[in-house]
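Just below is one structure, and these are the notes that go with it.
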Amino acid sequence: MLRIAFALLWAALTALVSVPALAQSTPDRSATGGAQTLDDILARQQQLQLDDGFRRNNVGNPDQAAATTDQLGTLGGVSDSEVWRALRYDTADVRVSAGGDVASVLIQDGGMRWLMFRDGPLRSYGGWLLIGTLGALVVFYLLRGRIGVDGESTGKTVTRFKAIERFAHWMLAGSFILLGVTGLFTLFGRVGIIPLLGHEANSVLLIGGKWIHNNVSWAFMLALLMVFFMWVGHNIPSRGDIVWIKQFGGIIGKNHPPAKKFNAGQKVIFWSVILFGGSIAISGVSLLFPYELPLFAKTFAFLNTTGVPELVGLGTLPTSLAPQEEMQLAQLWHAIVAFVLMAIVIAHIYIGSVGMEGAYDAMGSGEVDEAWAHQHHSIWLEEEKSKAAARHAAE
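Following this line, the structure appears as structure tokens:
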């Protein structure tokens, strides 16, 4: 009898202990209001892709709410958690008296993703790109040295660039340097300026830098247009560029391939400045006039039609973006493209200064020695001589 009683007691205890285990089994999320599982939490902590449709779509149905005249009717058919999910995923029917679509977004968690990318990969990879470019140029200079002019100078000069061309170039260069420096202040102020100079200095630099950045940008865009219209005809790719590329433009080795007014390397610089600079300008205007010029929703929609995002493993890009997300993406794109262009411009500055003898004269005085012109732009030199001879004959 005692054994039977003990067996019944043991069975009862076993059943009681097993109840929590059954409760911890993975239920259907619809029965738990979209509660997350431990696997979901761990995946999110590891920054893995997580399908949050079970939460995004579980926002209740306000149309099924009880009448407000009934008891507890104001609770309706939507729970507090469902309301907050609808607000978070921007699916709630929010109505505002002023501010439009911007004010109707009450929760926008994309801001944290923007901040983490800005303070993480953007700052790290962008900074190392600039440092790596400078380091590579130093190593190249130590190995190659300065590219000199073969033979003696002739003492005869030819006009390389007119005054208006040099003005546009220096306005573009000067404005871009100011924009780059002030942009770096904004991105690296917390980690670079504050530890060295303090909060007050950082505040002064950022306030002044913001004013410079916003206003000098117009000079940059004007100069970009001037440079494009003045030089686009000289920067159309040609067959001669292939020869220049095969011989590395004389930068590596001692061959000096013939070139017109702009060689293949300069054409790469030109189109990089035009395309990247134009992209920076467009995204910059979007940032100067917040929420007035959304760029990415329509761009993503177009890219989705091409199938490129899926080919590279990005899936379908979102085409419904909150106004704040548009601004966050514009700022990130603005900075990413600016870093790429800064690296290219640093290499251009190197070639135009310490890297090549006589290169600075082209944009300094506008006059270059014929020996330099023959070595680097022989086709252009012959064209200029022919034009001069024709003018002289006409006189």
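Read in order, the letters of the sequence shown are residues -23 to -1, 1 to 372 in mature numbering (1 follows the signal peptide of the UniProt record, and there is no 0).
Virtual Cβ for every residue (Gly too), placed ideally from N, Cα, C.
| Query | Result |
| --- | --- |
| Backbone secondary structure at T134 - three-state DSSP | strand |
| Rounded Cβ spacing between I189 and L155 (contact assumed at less than 8 angstroms) | 6 angstroms |
| Endpoints, the alpha helix (DSSP H) within which residue 374 is located | Within the shown structure, residues of the chain are numbered from -23 to 372, placing residue 374 beyond reach of any answer. |
| Whole-angstrom distance between N240 and I222, CA atom to CA atom | 9 angstroms |
| N- and C-terminal bounds of the alpha helix (DSSP H) containing D16 | L15 to Q22 |
| Where the alpha helix (DSSP H) containing V115 begins and where it ends | R100 to R121 |
| Where S2 falls, given that 16 or more other Cβ within 10 Å makes a residue buried | Any reading at S2 must be qualified, since the residue scores a pLDDT of 48, below 50, and its modelled position is unreliable; the value itself is stated next. Burial call: exposed. |
| With 16 other Cβ atoms within 10 Å as the buried cut-off, status of N212 | buried |
| Three-state secondary structure (DSSP) of L(-2) | With a pLDDT of 40 at L(-2), under the threshold of 50, the predicted position of this residue should be treated as unreliable, though the coordinate-derived value follows. Three-state result, L(-2): helix. |
| Beta-carbon spacing of I356, P267 below 8 angstroms | no |
| Within 8 angstroms, strictly: CB atoms of M304 and L270 | no |
| Limits of the alpha helix (DSSP H) - the one that E359 falls within | S355 to A371 |
| Complete alpha helix (DSSP H) runs within the region 285 to 336 (minimum length 4 residues, chain order) | 285 to 288 and 300 to 327 |
| Where Q352 falls: helix, strand or coil (DSSP) | helix |
| Of the residues M203, F225 and V289, the one placed nearest F247, counting alpha carbons only | M203 |
| Whole-angstrom distance between F197 and F153, CA atom to CA atom | 6 angstroms |
| At least three beta-carbon pairs within less than 8 angstroms, the region 282 to 291 to the region 320 to 331 | no |
| Cutoff 7 angstroms; reference F(-18); Cβ partners in own chain excluding five residues on either side | The predicted model places F(-18) with a pLDDT of 41, which falls under 50 and marks its position as unreliable, so this point remains unresolved. |
| Span of the beta strand (DSSP E), counted from its first residue to its last, around E344 | E344 to D346 |
| Counterpart residues of I124 in DSSP-defined beta bridges | M333 |
| Cutoff 8 angstroms; reference G87; Cβ partners in own chain excluding five residues on either side | A299, Q301, E302 and Q305 |
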